[in-house]
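Okay, so here's the structure we're looking at.
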Amino acid sequence: MGEWLIGTYVFVLAMLVGFELITRVPPTLHTPLMSGANAISGISLIGALLVAGGGGERIAILLAGLAVVMATINVVGGFLVTDRMLRMFRKN
Amino acid sequence: MPPLILDLIYIVSAVLFVLGLKRLGSPATAREGNALAAGAMLLAVVATLLDRSIVSWEVIAAGLVAGAIIGAVLARTVKMTAMPQLVGVFNGFGGGASALVAAAELLRGAQADIPGGISAAIGILIGTVTFSGSFIAFGKLQGFITGRPVTYPLQRTGNLLLFVALLVAAGALVVGPGDPVALGILAGLAFLLGILLVIPIGGADMPVVISLLNSYSGLAAAAAGFVLGNPLLVLAGALVGAAGLILTRLMCRAMNRSLANVAFGAFGGGDATAVGSDEDRPVRRTTAEEAALLLAYASSVVIVPGYGLAVAQAQHEVKKLTDLLLARGVKVKFAIHPVAGRMPGHMNVLLAESDVPYDLLVDLDEINPEFPRTDVAVVVGANDVINPLARDPSSVIAGMPILDVDRARNAIVIKRSLSPGFAGIDNPIFYEERTLMLFADAREAMADLAREVKEI
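For the record, the sequence lines run as chains S and B.
Okay, so the first sequence: first residue is 8 according to our numbering, each after it adds one.
Okay, so the second sequence: first residue is 24 according to our numbering, each after it adds one.
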């Protein structure tokens with residue numbers, strides 16, 4: 008099976024899982040959910056690390072290095088701010 | 024580390040992402056879910072760093088340290104009212120990173136086949152649109168750019184031409200992967216498209232825009248995953264893409280508008296004074312003293328907070344008033360409209376910050392049947408979301424789900440003036456016999472009410 012075909016399987020199934028998981032979330036959690044999901048989208052950090060550390064063309068390393076900075080901001084900031092919000096939620 | 028071990032660790036990380044997202048969906052486990060997802064990310068990053076394909080460390084170390092410091096400072100210092108801007112900025116960085124990864128991988132000369140080229144073109148396109156679009160959204164939310172819809176002649180024709188040009192550039196990139204000229208043109212056009220797509224959208228529609236950009240940032244990460252042949256990126260990106268799409272749909276439904284209408288409608292925020300502001304019609308003015316009496320001797324009170332409450336920073340005063348009323352045995356609830364804030368669930372976060380327990384916050388569907396049994400509805404800084412004209416098919420806001428404040432026995436509306444809301448239309452509730460208007464700043468009014476209730 009080709010790589011892109013496996014990727015397509017993963018993509019379609021993960022979308023379905025995402026729809027199932029999120030549909031029942033109460034509105035109270037929509038903002039933390041969005042910022043938490045946003046932090047997860049910083050997963051491109053993995054790709055950025057592989058390209059930035061993999062050697063080769065200087066321009067590629069430079070762009071990937073910039074991607075490391077941006078993705079890390081997204082990941083670290085996203086998870087921290089989500090936790091900060093969730094700490095405030097309390098029940099009566 | 025051998026590739027097989029790395030792949031196995033990625034699978035563990037993928038499972039943790041799914042479990043984390045699941046736990047984020049319930050108030051009792053949400054914090055744990057976030058920690059789980061963060062753990063999954065850390066695991067994947069550490070495993071990647073130990074991979075033997077990584078040969079140079081300087082760029083990586085510098086990038087990780089700089090990003091972590093900037094991210095942590097932003098996360099710790101942001102005000103809760105500015106949360107939509109911050110999530111917008113983070114979205115932008117995530118999308119930008121994905122676009123850069125796709126571009127860097129192409130420039131490295133690794134991919135030459137057609138599917139790889141297509142994925143890279145899609146990743147660069149969506150990632151860059153997310154990047155520039157998010158920063159325009161940030162500018163609008165922060166007030167750097169006008170919150171009004173910006174329109175100009177030939178807007179749609181221009182966007183259409185731009186889109187065709189994008190397709191041509193993307194095609195050129197697919198035919199000759201790694202061609203820096205095609206790549207640069209594609210990125211430049213996508214950057215422009217992101218700006219042009221968001222700039223015509225009005226401030227009140229920002230919850231939809233933020234949700235949609237959130238979805239895009241996930242899809243861009245998934246596209247980068249296709250370019251690198253990395254299923255973990257595809258999986259995590261698709262999860263986020265799905266989450267963003269669901270929230271986008273919820274927000275559209277809360278305003279009874281289609282996504283196309285939000286994107287191209289240039290709705291709301293028009294010339295506020297021009298449309299039906301009927302200053303001469305009589306209203307019943309009240310004082311904090313009179314309103315406090317009504318509240319203190321009510322048996323049930325529903326508070327309807329709108330974005331005006333957040334702007335006036337009145338959350339803490341609202342909490343004080345709530346505590347005093349609860350202590351008197353008054354039943355107090357909060358009616359939260361889905362688009363009460365500037366992003367989905369924003370109002371809930373603002374009230375949580377001032378320590379209002381989340382079980383007092385009630386959604387639109389649940390609270391509406393309770394209004395006829397409610398003694399007093401207190402409206403603070405909300406307007407369009409309580410406008411009964413939404414039930415009139417000829418109104419511009421026809422069909423928008425509203426909170427049925429007009430069905431409560433009494434209403435106290437706290438507002439600076441009779442000016443209309445974002446939709447630019449008048450609200451008949453203000454002129455009703457059972458509505459008392461308290462003209463004041465939301466924060467001062469809440470503090471006055473709390474003081475008066477205390478003295479009773």
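In this text, a Cβ means the ideal position worked out from N, Cα and C, and glycines have one as well.
Where do the ends of the alpha helix (DSSP H) carrying residue i lie?
i, result
"D400(B)", "One detail in the question is off: residue 400(B) reads as Ala in this sequence, not Asp. Taken as a continuous stretch (DSSP letters only), A400(B) belongs to no alpha helix (DSSP H), being part of the beta strand (DSSP E) at 399-403."
"N237(B)", "229-251"
"M460(B)", "Per DSSP, M460(B) belongs to no alpha helix (DSSP H); it is in the beta strand (DSSP E), 458-462."
"N406(B)", "No alpha helix (DSSP H) contains N406(B), which DSSP labels as neither H nor E."
"I93(B)", "81-100"
"T15(S)", "10-30"
"I32(B)", "26-46"
"A105(B)", "First-last for A105(B): undefined, no H or E at that position."
"R414(B)", "Taken as a continuous stretch (DSSP letters only), R414(B) belongs to no alpha helix (DSSP H), as it is neither H nor E."
Quick check on DSSP: helix, strand or coil for residue i?
i, result
"T169(B)", "coil"
"F96(S)", "coil"
"M41(S)", "helix"
"L317(B)", "helix"
"K343(B)", "helix"
"L332(B)", "helix"
"L69(S)", "helix"
"V385(B)", "strand"
"L87(S)", "helix"
"V379(B)", "coil"
"R131(B)", "coil"
"A297(B)", "Model confidence at A297(B) stands at a pLDDT of 37, short of 50, so the residue's coordinates are unreliable; what they give is reported in the following sentence. Residue state, collapsed to three classes: coil."
"R179(B)", "helix"
"R466(B)", "helix"
"R75(B)", "coil"
"R308(B)", "strand"
"V362(B)", "coil"
"D136(B)", "coil"
"N450(B)", "coil"
"P50(B)", "coil"
Residues of chain S with CB under 8 Å from residue i, in chain order?
i, result
"N284(B)", "Going along chain S, no residue has its Cβ under 8 Å from N284(B), so there is no contact; the nearest lies around 21 Å."
"S234(B)", "M41"
"L97(B)", "I80, G84, V88"
"D382(B)", "K98, N99"
"N237(B)", "M41, A44, N45, S48"
"A60(B)", "G43, A46, I47, F86"
"M423(B)", "In chain order: nothing, as chain S lies at least about 16 Å away."
"G241(B)", "A44, I47, S48"
Give me the Cα-Cα distance between residue i and residue j, rounded to the nearest whole angstrom.
i, j, result
"A126(B)", "G119(B)", "11 Å"
"G84(S)", "R396(B)", "44 Å"
"L251(B)", "Q336(B)", "46 Å"
"T35(S)", "G62(S)", "46 Å"
"A58(B)", "M274(B)", "27 Å"
"G72(S)", "V82(B)", "6 Å"
"D471(B)", "R457(B)", "21 Å"
"G117(B)", "Y239(B)", "10 Å"
"L56(S)", "R179(B)", "39 Å"
"A85(B)", "V75(S)", "9 Å"
"S42(S)", "A143(B)", "26 Å"
"L461(B)", "A46(S)", "42 Å"
"V112(B)", "L164(B)", "11 Å"
"G291(B)", "T174(B)", "Because the pLDDT of G291(B) is 46, which lies under 50, any placement of that residue in the model is unreliable, and the question is left without a value."
"F167(B)", "R351(B)", "45 Å"
"F26(S)", "L270(B)", "10 Å"
"L183(B)", "P254(B)", "33 Å"
"I141(B)", "L196(B)", "8 Å"
Following the continuous beta strand (DSSP E) through residue i, name the residue where it begins and the one where it ends.
i, result
"I326(B)", "323-328"
"M423(B)", "It is not in any beta strand (DSSP E) - M423(B) carries neither H nor E in the DSSP assignment."
"K438(B)", "433-438"
"A358(B)", "354-359"
Counting only Cβ pairs nearer than 9 Å, list the residues of chain S close to residue i.
i, result
"D386(B)", "P33, P34, T35"
"L44(B)", "V24, G25, L28, I29, L40, G43, A44, I47"
"L29(B)", "None at all; the shortest Cβ gap to chain S is about 10 Å."
"P367(B)", "P34, H37, T38, L40, M41"
For the ligand COA, I want to know if residue i counts as a neighbour, meaning its beta carbon is within less than 8 Å of at least one of the ligand's heavy atoms.
i, result
"I208(B)", "As for the ligand COA, it is missing from this structure, which has no ligand bound."
Quick one: which chain S residues come within Cβ less than 7 Å of residue i?
i, result
"P395(B)", "Result: empty, since nearest Cβ-Cβ is about 23 Å, beyond 7 Å."
"E484(B)", "Look at the range of chain B in this structure, 24 to 479, and you will see that residue 484(B) is not part of it."
"N253(B)", "I53, G54"
"E128(B)", "V58"
"T71(B)", "I53, L56, L57"
*For the stretch 89-115 of chain B, which residues have a beta carbon sitting closer than 9 Å to at least one beta carbon of chain S?*
Answer in chain order: A89, G90, A91, I92, I93, G94, A95, V96, L97, A98, R99, V101, M103, M106, P107, L109, V110, V112, F113, N114, G115.
*At a Cβ cut of 9 Å, what residues of the stretch 330-344 of chain B count as close to chain S, listed as they run along the chain?*
Answer in chain order: no residues at all.
*asked:* Along the stretch 343-360 of chain B, where does the CB come closer than 9 Å to a CB of chain S? Name the residues.
replied: Residues I359.
*Scan the stretch 257-271 of chain B for residues whose Cβ lies nearer than 9 Å to a Cβ of chain S and list them as they occur along the chain.*
Answer in chain order: V257, L258, A259, G260, A261, L262, V263, G264, A265, A266, G267, L268, I269, L270.
*Near-chain S residues of the stretch 167-183 of chain B (beta-carbon distance less than 9 Å), N- to C-terminal order*: Within the stretch 167-183 of chain B, no residue has a Cβ that lies closer than 9 Å to any Cβ of chain S.
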